[in-house]
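In our numbering, the protein residues as written are 506 to 691. In this text, a Cβ means the ideal position worked out from N, Cα and C, and glycines have one as well.
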């Protein structure tokens with residue numbers, strides 16, 4: 506397991522934490538620690554938050570496939586906070602707990618659909634080399650429009666950025682946010 510801070514390196518700002526908790530009171534999402542940590546820098550907070558919200562709530566791709574992409578990147582980056590938050594999003598858009606577990610394993614270990622395999626390989630390519638391989642690109646453009654491929658890449662790379670920020674700042678999971686998934690029972 507990579508080295509990750511077990512306590513916050515950047516403490517959430519108390520006033521921002523109170524405001525974030527209040528704003529999220531009626532929401533199924535609890536990301537108060539992220540909001541209050543990034544509040545140390547308004548430009549970063551606004552920029553990261555705005556683009557993340559665009560991808561999550563205004564995107565044109567399948568929400569289920571988007572969450573597969575985000576969860577895989579969170580796993581690759583070993584960002585338990587990111588993975589936990591998007592486990593909740595993933596469940597909400599139809600991913601099952603076993604599927605979420607299989608996102609933490611090699612692509613060939615689960616019976617993913619071909620379009621899902623293309624997306625998982627895209628995430629792995631971007632994580633490993635910051636470039637989608639020719640073979641993966643061919644698969645992606647077989648299943649998706651160029652516009653969709655761009656959106657999937659943007660989601661993967663945005664959540665790589667977010668994962669790095671969360672890991673480096675030592676952002677702790679909020680109440681109700683799960684950690685790493687358990688293997689399905691046989």
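- Can the beta-carbon of residue 573 be found less than 8 Å from the beta-carbon of residue 645? no
- Using the rule of at least 16 other Cβ atoms within 10 Å of the residue's Cβ for burial, across every protein chain shown, is residue 582 buried or exposed? buried
- Task: Return the CA-CA distance between residue 544 and residue 588, expressed in angstroms with no decimal places.
- Result: 21 Å
- Query: DSSP on residue 519, reduced to helix/strand/coil?
  - Reply: helix
- Query: Cα-Cα, which of 507, 540, 529, 509 is closest to residue 518?
  - Reply: 540
- Task: Return helix, strand or coil for residue 608, following the three-state DSSP convention.
- Result: coil
- Query: Over what stretch of residues does the alpha helix (DSSP H) that includes residue 546 continue unbroken?
  - Reply: Note, residue 546: premise wrong, no alpha helix (DSSP H); not H, not E.
- Message: Going by C-alpha to C-alpha distance, which of 648, 598, 635, 675 sits closest to residue 562?
- Response: 598
- Item | From 534, 679, 608, 542, residue whose alpha carbon lies closest to that of residue 689 | 608
- Message: Please classify residue 618 as buried or exposed, where buried requires at least 16 neighbouring CB atoms within 10 angstroms.
- Response: exposed
- Message: Distance check for residue 575 and residue 523, CA to CA, integer angstroms please.
- Response: 27 Å
- Message: Give me the residue from 592, 536, 516 with the minimum Cα distance to residue 683.
- Response: 592
- Query: Between which two residues does the alpha helix (DSSP H) harbouring residue 653 extend?
  - Reply: 651-674
- Range of the contiguous alpha helix (DSSP H) that encloses residue 645: 639-648
- Cβ contact check for the region 552-560 and the region 633-651: 3 or more pairs under 8 Å: no
- Could you round the C-beta distance between residue 677 and residue 538 to whole angstroms and report it? I think they count as a contact, below 8 Å. 6 Å
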